[in-house]
Amino acid sequence: MNQLGFPILSLITYLPLLGAFIIATLSGDEAKIACRARAIALGFSVLVLVLGVYVWTQFNTGIAGYQFVEAMPWLSGINVEYRMGVDGISLFLILLTLVLTPIAILSSNGIKTRARSFFAAMLLLETMTIGMFAATDFVLFYIFFEAVLLPMYLIIGVWGGERRIYAAVKFFVFTLAGSLFMLLALVWIWRHLGTTNIAVITHAAIPAHAQMWLFLAFLAAFGVKAAVWPLHTWLPDAYGEAPVPGTIMLAAVLSKMGAYGFLRFALPMLPNASYAAEPLMFTLGVVAVIYISYVALAQTDMKRMIAYSSVAHMGVIIIGLFTFTVEGIEGALFQMLSHGLVIAGLFICAGILTARGQGLTLKNLGGLASNMPVFAAALMFFTLANMGLPGTSGFIGEILVIVGALKVNFWVSLLGGAGMVLGVTYSLVLVRAVLFEKYARPELAGLKDLTGREYAMLLPLAVLVMWLGVYPSSFTHAFDAPINALVQAHSAALNPHMALAMVTAK
Amino acid sequence: MFTLIAVFAPLVGAILAGIARPFIGRAASLGASVAFMLVSALFAILAYRAGVQAPLHLATWFHVGGFTPDWSLRQDQLSLVMVLMVSVVSMLIHIYSVGYMAHDKTPQRFMSYISLFTFAMLMLVTANNLLQLFFGWEGVGLVSYLLINYWYDRKAANDAAIKAFIVNRVGDLAFAVGIALVYFTFQSTQFDVIFAGAAAHAGQHYTLFGTSLPVLEIIAFLLFIGAMGKSAQIVLHTWLADAMEGPTPISALIHAATMVAAGVFMIVRMSPLINLAPEAMSFITFIGATTAFFAATIGCVQNDIKRVIAYSTCSQLGYMFLAAGVGAYPVAMFHLINHALFKALLFLSAGSVIHAMSDEQDIRLMGGLAGKLPFTCAMMLIGSLALIAIPPFSGYYSKDAILDAALAAHTGMGTYGWVCGTAAAGLTAFYTSRLFFLVFTGKSRAPKHVQDHVHESPAVMLVPLLFLAIGAFGSGIALKPDFIGANFQSFWGSSIAVAANSAMFHMEDISSLAKMAPLLVGIFGILVAVLFYLLVPSLPGRLSQSLSPVYKFLLHKWYFDELYDALLVRPSLKLAKFVWRVGDEQVIDGVPKGLAAITSDASAQAVKLQTGSIALYAFVMLIGLLVFVSLFIWVK
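Those protein sequences? They're chains A and B, same order as listed. Going by this note's numbering, the first residue of the first sequence is number -4, and it counts up by one from there. Going by this note's numbering, the first residue of the second sequence is number 96, and it counts up by one from there.
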């Protein structure tokens, strides 16, 4: 079965679901339920985190293919199997989900109404997300990919801000519309290749004209999820209106689904189309970095400013992926992890203000550095990481993408790197508006600094951000095998003779 | 090992001062940062005495593809000199700051920042590859931002800090792309690999702007643009004067002695590569010379004591680039060290003046302080003479060497550099004397209540001044033989590559008149200042009126800020609003909003959904699954 002889991935995937069922059966008065539901959700999410870390310790970084593989007959009539597995690409995305779910749950003590449903939805979301990253069959992947939508839709629509319905529906319609195209692609692949096993279909030779159509379908599906410009407009609304735990999961984890989709399907399966689309994707990436940074600068609300900065970072990830260099793709993958941690930290900081009854309109904030010094340090730290300061995780991804892009094109490198300048601009405007100068309103002076629970959310994130920044090798050496294989397979597909020469030269 | 302790002791100090205050108390946290800085300085001296050693490998930073920068400490002569200078100056400024920041609310925050700064600066100068250098580079930039913004409740401090960070980042972007191009060319960012391979890549071309250009030229240009940001050279200089919003000790440490010199250091460090990029070297000469002159003209009319010195820093950094541009890297380093000492002295003396004057910084409201602040006055005098370059003070030896080298280069650009530099020498003498006379001589022009409070600073501030004064006096004579004298090559070893055709080797081959000219021009500058501010004090006012356009041009700093504001800042803000309100909300979002009917229908239903339960959603999901599976079976 796999090296543990034990379906640990399925266990990690479905344990939260079990937790959700337990929460659903709770009864009693509202406050008591909220308290117990939170405790149960936290317990289950920490338990699976421990299991996830165990998987990491047992993970063999030398192998390019899937590990901890589980396969069983499922829809045998149509030749679809239940397949799970991880490789160096998905391992850390799963771990990211596992780390951020308990933190998001910790951040949800503001949820008082319908708490049972909320925490069940959070655990359901965790199940679906992990299942999506761990699935190695396209049908299974598709089901999880779509299923993520439901709990998230509810979290935004029920517990969100004032315009939550608008935001939730927009989120739902955009992503659903996008993934319908993926469904078509899926059906095509299944018809023509006769299997939906990802390990098989990624190495299948697909005719060039079909690749084009498939790529467009993937672009629609994953482009919306990754909020590639100009498919991004659902994002600020969704991030802005979702409750803080929902925003954390959306920004930190769910936004990675799109980029992961590109990396898992579009790049390896469709080398010709991906190569042909390179100029388009670079353009979209560069436009995202520059255009969105400007939009971010104009924002008047803290959460929306962070949301837009998130879109700008997606541009960097897209550029990195389509360089087809080891540096660029690993940079993009690293940026996904880094961005997940950093953006979570930033949204938690926003949540800390919300929890103190403050609105997030920038002109109503200010001066908080003097009465909330630890909060100020935390917000400053995550902002610096967000703008890619060396020593934090943000830098590694950014410089690798710049380096990878330069191998392809000087201007992509320079313009893609322009976020270094523009990102600083809106980031510093943000910290200034929140932390510095005079209090915009006298009651801000009365706000208390971080509580123990808030330390518990921010400290692990800060430690991880530093770890990723100072010693990223702990993570990148797991990327090496699958990414090297991907890049080699890509150049082999584009130019068989050259690849052969490379192999013999070695 | 010594270097390791010298580099990391400030980090420990920074962490203790920054985080441990609630546990160990204010005095102990301040003490910790000073103590660890003393340790750092001590070990820097030991490391310097121990001499050149192989780089100390600490860890691999990351390993992606062929990109494998590591954490390591380079211990060649260039690094050791810089480590020694940075940690000793920083140690003195730490001590000074204990006195200067005594009345501040959060001195431990200040000490923590400057210790952190010292760590980042030491990482920068001991880097063994470009990426670690970039780490230190950005680290010092960050702390500079934090310290400019130290009094964060002031609007001006916020503006200045953000400006500094953004302008620096413009340079850093070019630097980062330059690093990427270095990696692309050399498959490494390791200094030894780059230096060893530079000659082999001299003929290599890279296509840019549709033409094929030598790749080393492009690299050198990109790296130099980075240096221009950090070292406040013309075009990217606008942040430095505003950076004076920060407390004075950091103006001395960061914006005079160490960080702003990092650009010069980087160019010197990359000398084996720069030597192979003659066009870039001309450009460096041009920018350096122009900045030396341009900043000096502005310095002549500024009225804020710190801004005068800040423009002087800008100008002196221009001199260093001038030297580097003609290939006289050891001379650039010589001036860098001398400048660090005398400029730190000047800034700290200015701090002592400001301290005495109840935080007044306008020199028009000072005057007659010589009697009340005799020690500070003496220190300021030593610093000023060193800056004006009067023998035997240190500035004389290095600045004259720079101008000699520029002229000896026998190139058009070198001559341009000499002309600008010599003119700037006169202006330097003028504005330095002007500052000194306005502050220390004549009658006091301060309000009564300020005058009553004038007092000499405490010993904790004056002792560091004394040490710096000894340095500013003696460093020229003491260092000249090793740094640029006959045996400079054996002193610097392989750490600096001086090309065989460098002006370094012909510095004596210029006429004695040309050799004397800078000093004569300097003395003339002093005399003009004597005339203006001692003999006929009404003259400057009349002159500024009759030469009003020129005066305004200088007072507005050649209108760079206004230009940038009109061309970059305001259009950017407008563009930001436009792309958000029109681009995003109307154009891009217009398409889905066209489907508004669907949306409004769905939202009406969503309201109903809200009141439902999880079971309903699960049911919806199930139906979706069902549709999905039936689709499959149907296709089959």
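C-beta: ideal position from N, C-alpha, C; glycine also.
Task: chain B contact for residue 308 of chain A (CB, 9 angstroms cutoff) - done: No, its Cβ sits nowhere closer than 9 angstroms to a Cβ of chain B.
TODO: Please report how far the alpha carbon of residue 349 of chain B lies from the alpha carbon of residue 237 of chain B, in whole angstroms.
DONE: Cα to Cα, residue 349 of chain B sits roughly 11 angstroms from residue 237 of chain B.
- [ ] Could you tell me whether any Cβ in chain B is nearer than 9 angstroms to the Cβ of residue 294 of chain A?
- [x] Under the Cβ distance rule, residue 294 of chain A counts among the residues neighbouring chain B, one pair being separated by less than 9 angstroms.
TODO: Could you please give me the residues that DSSP links to residue 67 of chain A through a beta bridge?
DONE: A/77
Task: DSSP-derived helix/strand/coil call for residue 159 of chain B - done: strand
- [ ] Could you list which residues in chain B have their beta carbon closer than 8 angstroms to that of residue 320 of chain A, in chain order?
- [x] Correct list: 160.
Task: The alpha helix (DSSP H) enclosing residue 102 of chain A, as first and last residue numbers - done: Per DSSP, residue 102 of chain A is not a residue of any alpha helix (DSSP H), being assigned neither H nor E.
- [ ] Taking all protein chains shown into account, decide if residue 447 of chain A is buried (16 or more other Cβ within 10 angstroms of its Cβ) or exposed.
- [x] exposed
TODO: Taking C-beta pairs closer than 7 angstroms, name the residues in chain B that residue 412 of chain A reaches, listed in chain order.
DONE: 268, 271, 272
Task: For residue 132 of chain A, three-class secondary structure by DSSP - done: Under the three-state reduction of DSSP output, residue 132 of chain A falls in the strand class.
Open item on the list: Given this structure, state the Cα-to-Cα distance separating residue 334 of chain A from residue 311 of chain A, to the nearest angstrom.
Closed with: 11 angstroms
- [ ] Go ahead and pull the three-state DSSP assignment for residue 267 of chain A.
- [x] helix
- [ ] Taking residue 386 of chain A as the query, report the chain B residues whose CB atoms sit under 7 angstroms from its CB, ordered along the chain.
- [x] 230, 234
Task: Short Cβ contact (9 angstroms threshold) for residue 373 of chain A with residue 453 of chain A - done: yes
TODO: Assign residue 427 of chain A to one of two classes, buried (16 or more other C-beta atoms within 10 Å of its C-beta) or exposed (fewer than that).
DONE: buried
Task: Buried or exposed by the 16-neighbour rule on C-beta atoms within 10 Å, applied to residue 63 of chain A - done: Buried, by the Cβ-count rule.
- [ ] Note down the Cα distance separating residue 497 of chain A from residue 288 of chain B, rounded to an integer number of angstroms.
- [x] Low local confidence applies: a pLDDT of 49 at residue 497 of chain A is under 50, so the model's placement there is unreliable, and no value is given.
- [ ] Could you name the residues of the same chain whose beta carbon sits closer than 6 angstroms to that of residue 137 of chain A, not counting the 5 residues immediately before and after it, in chain order?
- [x] 181
Open item on the list: Please report whether the beta-carbon of residue 111 of chain B lies at a distance below 9 angstroms from any beta-carbon of chain A.
Closed with: no
Task: Whole-Å CB distance - residue 458 of chain B paired with residue 400 of chain B, under 8 angstroms assumed - done: 5 angstroms
Open item on the list: Quick check: the Cα distance between residue 270 of chain B and residue 102 of chain A, rounded to an integer number of angstroms?
Closed with: 39 angstroms
Open item on the list: So, at 7 angstroms on beta carbons, what are the nonlocal neighbours of residue 525 of chain B in its own chain, with the 5 sequence-adjacent residues on each side left out?
Closed with: 395, 620, 623, 624
- [ ] Taking a Cβ distance cut-off of 8 angstroms, strictly less, list which residues of the segment 417 to 428 of chain A are near chain B, in chain order.
- [x] 419, 420, 423, 424, 427
Task: Endpoints, alpha helix (DSSP H) assigned at residue 475 of chain A - done: 468 to 489
Task: Any chain A beta carbon closer than 9 angstroms to residue 156 of chain B - done: For residue 156 of chain B, the answer is yes, since a Cβ of chain A falls inside 9 angstroms of its Cβ.
- [ ] Would you mind working out which of A/486, A/440, A/130 sits nearest residue 5 of chain A, comparing C-alpha positions?
- [x] A/130
Open item on the list: Does residue 200 of chain A come out as helix, strand or coil in the three-state DSSP assignment?
Closed with: Three-state DSSP puts residue 200 of chain A in coil, outside helix and strand.
Task: 8 angstroms Cβ cut-off: residues of chain B touching residue 433 of chain A - done: 248
Open item on the list: Using a Cβ-Cβ cutoff of less than 7 angstroms, which residues in the same chain neighbour residue 707 of chain B once the five nearest sequence positions on both sides are dropped?
Closed with: Confidence at residue 707 of chain B is low in this model, with a pLDDT of 44, below 50, so the placement of that residue is unreliable and no value is reported for it.
- [ ] Pick helix, strand or coil for residue 502 of chain A, following the three-state DSSP scheme.
- [x] No statement about residue 502 of chain A is possible, as the shown extent of chain A runs from -4 to 501 and does not include it.
Open item on the list: Check this for me: beta carbons of residue 400 of chain A and residue 275 of chain B, under 9 angstroms apart or not?
Closed with: yes
- [ ] Output yes or no for whether 9 angstroms exceeds the beta carbon distance between residue 376 of chain A and residue 484 of chain A.
- [x] In this structure, residue 484 of chain A does not lie closer than 9 angstroms to residue 376 of chain A by Cβ.
TODO: Pull out every residue of the segment 653 to 675 of chain B whose Cβ sits closer than 8 angstroms to any Cβ of chain C, in chain order.
DONE: Given the protein chain composition of this structure (A and B), no chain C is represented.
Task: Contacts that residue 398 of chain A makes with chain B (C-beta to C-beta distance below 7 angstroms) - done: 162, 275, 278
Task: Proximity winner among B/303, B/579, B/471, B/216, relative to residue 554 of chain B (alpha-carbon distances) - done: B/471
Open item on the list: Using CA atoms only, rank isn't needed, just tell me which of A/348, A/27, A/237, A/201 is closest to residue 367 of chain A.
Closed with: The residue with the shortest Cα to Cα distance from residue 367 of chain A is A/348.
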